[in-house]
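Below is one structure; the comments refer to it alone.
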Amino acid sequence: MYAQMVTSEGGKARDEMTPEERAFQDRIDRGERIEPKDWMPEGYRKTLIRQIGQHAHSEVVGQLPEGNWITRAPTLERKQILLAKVQDEAGHGLYLYSAAETLGVSRDELTGMLLAGKMKYSSIFNYPTLTWADIGAVGWLVDGAAIMNQVPLQRTSYGPYARAMVRICKEESFHQRQGYSIMMTMARGTPDQKAMAQDALNRFWYPSLMMFGPSDADSVHSAQSMAWKIKINTNDELRQKFVDQTVPQARFLGLEIPDPGLAWNEEKGGHDFSQPDWSEFYEVLKGNGPCNAERMEARIEAWEDGAWVREGLMAHAEKRAAAHAAE
Ligand code: BYC
1 MYAQMVTSEG GKARDEMTPE ERAFQDRIDR GERIEPKDWM PEGYRKTLIR
51 QIGQHAHSEV VGQLPEGNWI TRAPTLERKQ ILLAKVQDEA GHGLYLYSAA
101 ETLGVSRDEL TGMLLAGKMK YSSIFNYPTL TWADIGAVGW LVDGAAIMNQ
151 VPLQRTSYGP YARAMVRICK EESFHQRQGY SIMMTMARGT PDQKAMAQDA
201 LNRFWYPSLM MFGPSDADSV HSAQSMAWKI KINTNDELRQ KFVDQTVPQA
251 RFLGLEIPDP GLAWNEEKGG HDFSQPDWSE FYEVLKGNGP CNAERMEARI
301 EAWEDGAWVR EGLMAHAEKR AAAHAAE
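The UniProt record's numbering puts the first residue of the sequence shown at 1, with every later residue one more than the last.
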């Protein structure tokens with residue numbers, strides 16, 4: 001499988017590297033940016049295609065749980081804000097597909113792999129958004145986790161990916177604030193509204209922790225990706241930072257993180273917290289989450305429904321090219 005090809009390439013020791021690979025690693029170690037036309041090891045290119053492609057798919061699939069609430073947003077203002085946010089996610093997908101294209105893979109190929117079940121998207125989008133409070137929780141927690149992961153990616157070693165992340169991060173912070181603003185309104189509303197906010201937090205807490213990927217001990221790609229500075233932090237480091245950032249935000253809302261094991265640890269200067277149920281995570285990755293089938297059906301339908309647009313654009317481009325050639 002595609003992902004396995006990538007995995008088997010990783011983790012080379014320095015004395016096993018070719019001279020080109022050593023020179024490449026030296027550039028990375030000096031903090032230089034790698035650009036599309038530069039020489040790069042095949043494993044580096046494939047790891048980036050996997051990560052950026054998966055990231056792009058996540059942005060696009062991530063529109064579905066929120067798009068579900070556009071027609072039901074409680075006020076015109078909330079509707080406008082949510083619409084703008086969902087459109088931003090489409091834009092993020094496009095920047096990321098463009099960044100991946102600089103590595104020699106087309107957007108159509110990446111989409112084809114997603115639709116054939118050969119590429120992943122973030123596990124979080126396989127959970128349903130059952131109430132309006134879930135839209136608050138998604139913005140606050142899911143976009144909050146996304147920012148935690150993506151701010152360091154602005155310094156990732158591959159130039160086009162790092163540059164795409166700059167604008168994405170600016171927009172993600174607006175998304176996080178809009179989610180938190182919904183949570184503030186709900187948490188300060190009627191007892192029923194506050195209960196809805198708590199219920200949304202209860203359901204989204206552990207899936208949000210899973211967004212950072214498996215624990216470092218089980219992360220297949222981290223060691224090589226960090227050596228190549230594709231990843232700047234480990235999965236556990238970012239998860240810890242996310243928990244430490246989010247706990248006071250929950251307190252401010254008067255809501256409770258659904259973790260009896262949560263406690264401040266003075267010695268480490270951070271919170272101790274319970275791990276998510278990793279067997280649930282791997283089930284979701286295998287396609288057995290609550291919404292996997294629904295999400296894939298929606299993407300396949302969108303691809304098929306868009307065929308006439310793609311054909312029309314191709315016909316138009318061919319006509320223009322023929323007209324230019326005849327000039
Ligand atoms: N979900 O070795 P590991 C957004 C897979 S969009 C699914 O640690 P890596 C938003 C992993 O792919 C946010 N799969 O992997 C959008 C690997 O399997 P393969 C998306 C996951 O790559 C719209 C295996 O588990 N963000 O926020 O070193 C609306 C072993 O993992 C997940 C990004 O994509 C997961 N959560 O580290 C609102 C950020 N975690 O590929 C919000 C960029 C792990 O070997 N990506 N896997 O079959 C990354 O930073 C890294 O790829 C990860 C995983 C930290 C996610």
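Cβ atoms here follow ideal geometry from the backbone N, Cα and C, with glycine treated the same way.
Keep in mind that this is a model prediction, so the values were computed, not measured.
- A Cβ-Cβ separation of about 7 Å places alanine 145 in contact with phenylalanine 212 under the 8 Å criterion.
- Inclusion of glutamine 193 and methionine 186 in the CB contact set at 8 Å is warranted, their separation being smaller than that value.
- Excluding residues up to 5 positions away in sequence, Gln154 lie with their Cβ nearer than 6 Å to the Cβ of valine 166 in the same chain.
- For asparagine 235, the uninterrupted alpha helix (DSSP H) run begins and ends at 235–253, by DSSP.
- Contact between the segment 289–304 and the segment 59–66 is established, with three or more Cβ pairs separated by less than 8 Å.
- Per DSSP, reduced to three states, the secondary structure at isoleucine 135 is helical.
- Per DSSP, the beta bridge partners of isoleucine 34 are Tyr158.
- Annotation for histidine 324: no beta strand (DSSP E) segment contains it, though the alpha helix (DSSP H) segment containing it runs 307–326.
- Counting only residues of its own chain and dropping the five nearest sequence neighbours on each side, isoleucine 52 has a CB closer than 7 Å to the CB of Leu96, Ala99, Ala100, Tyr161.
- For alanine 145, the enclosing alpha helix (DSSP H) begins and ends at 143–153.
- Under the 10 Å beta carbon count, lysine 229 is surrounded by 16 or more other beta carbons and is classified as buried.
- Taking the Cα of methionine 196 as reference, the smallest distance to any Cα among Asp143, Gly139, Trp132, Val247 is reached at Trp132.
- Counting only the Cα atoms, glutamine 80 lies some 46 Å from arginine 27.
- Within the same chain, Cβ atoms closer than 6 Å to the Cβ of glutamine 240 are found at Gly270, the five residues on either side in sequence being excluded.
- Per DSSP, the continuous alpha helix (DSSP H) segment holding histidine 57 begins and ends at 42–61.
- Of Tyr282, Glu267, Ala73, Asp244, the smallest CA-CA separation from phenylalanine 273 is found for Asp244.
- By the 16-neighbour rule on beta-carbons within 10 angstroms, glutamate 172 is buried.
- Between threonine 156 and glutamate 66, the C-beta spacing is not below 8 Å.
- With a threshold of 7 Å, the Cβ atom of aspartate 143 counts as near the ligand BYC, since some heavy atom of the ligand is closer than that.
- Following the DSSP letters along the chain, one finds glycine 93 inside the alpha helix (DSSP H) bounded by residues 76–101.
- Rounded to the nearest angstrom, the gap between the Cα atoms of histidine 221 and valine 86 is 30 Å.
- DSSP lists Ala263 as the bridge partner or partners of aspartate 272.
- Ranked by how close their Cα comes to the Cα of tyrosine 282, the residues Thr18, Trp140, His57, Asp218 have Asp218 in first place.
- Boundaries of the alpha helix (DSSP H) harbouring aspartate 26: 19–29, taken from the DSSP string.
- Taking 4 residues as the minimum length, the alpha helix (DSSP H) runs contained wholly in the segment 165–214 are 191–210, in order along the chain.
- Not one heavy atom of the ligand BYC sits closer than 7 Å to the Cβ of phenylalanine 174.
- In the same chain as proline 41, and ignoring 5 residues on each side of it, the C-beta atoms closer than 7 Å to its own belong to Glu21, Phe24, in chain order.
- Rounded to the nearest angstrom, the gap between the Cα atoms of cysteine 291 and isoleucine 300 is 14 Å.
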